[in-house]
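This report refers to the structure that appears directly beneath it.
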Amino acid sequence: MENHEITRRQSILDIFEDFYPNHMKQDEDEEKEVVPEPVCNNCTLFIGDLIQLPVSKIQKNAVVFLGRPVSEVHVFGFVIRSAAYGDCCIYYVDDGTSCVQCKFYPDESSLVGCCDFELKDGAVPEGQLVHIQGRIHIIKGCVVVIIKEMDVLKDLNLESRHVIFLDWLYKTKYHITELTRAENRIAKLFRKPS
């Protein structure tokens, strides 16, 4: 059975080599080119983990996650407080692990054309489930998310799906096996009563 597996893998490599010959062959004298990791990462995180990450010393307005600077983030949670100020709206978003301040600048977002969210009569009402993609800013040592895109979600089942997705993401893609503090708080919410 092992021989069958080896021949199957070899046939897959042969097919790959036929389609991509330059990727499979490398001169022995030629050194491998090291592709630098991107400086700007975009991560989906629990808010509790996001606000506890150390500030990057390499890149301005970024935090360090798994040894890399992260400057953009996806967060998902309920708006627990909102306020409209002169040129921006401030939302406090809570996903059950912690709360983060998110700022929305309608003029700035509409100028760069990266925001699908239309601001009507001030702010999103409290209690709304939202998905936010934004840039990280460090203001007085605290993480603040500057909103690029904001979706107001009607289906409350999306919250539990998001928690399950993040659990999968942490274990398989981020390779974090131990539960973080944020995951421990969420796990308590979804634990069956004894």
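For what it's worth, the working numbering labels the leading residue of the sequence shown as 887, then goes sequentially.
Every residue, glycine too, gets a C-beta built ideally from N, C-alpha and C.
- With 16 or more other Cβ atoms inside 10 Å of its own Cβ, Ser942 counts as buried.
- As summarised for the stretch 929-1013, the continuous alpha helix (DSSP H) elements at least 4 residues long and confined to that stretch are 933-936, 992-998, given in chain order.
- In its chain, beyond the 5 residues on either side, Val965, Ile966, Arg967, Ser968 have a beta carbon closer than 7 Å to the beta carbon of Glu1012.
- By the 16-neighbour rule on beta-carbons within 10 angstroms, Tyr977 is buried.
- Contact annotation: the stretch 941-956 does not touch the stretch 982-993, with fewer than three C-beta pairs closer than 8 Å.
- Counting along the chain, no alpha helix (DSSP H) covers Asp1041, and no H or E run does either.
- Within the model, the alpha-carbon separation for Glu1035 versus Tyr1060 is close to 24 Å.
- When the alpha-carbon of Asp980 is set against those of His1023, Leu939, Asp935, the nearest one is in Asp935.
- Ile1024 is positioned such that its CB atom lies no closer than 8 Å to that of Thr983.
- Around the Cβ of Phe962, a 10 Å sphere holds 16 or more other Cβ atoms; the residue is buried.
- Between Val1016 and Leu1039, the C-beta gap is smaller than 8 Å, which places the two residues in contact.
- Gly1020 is positioned such that its CB atom lies closer than 8 Å to that of Val959.
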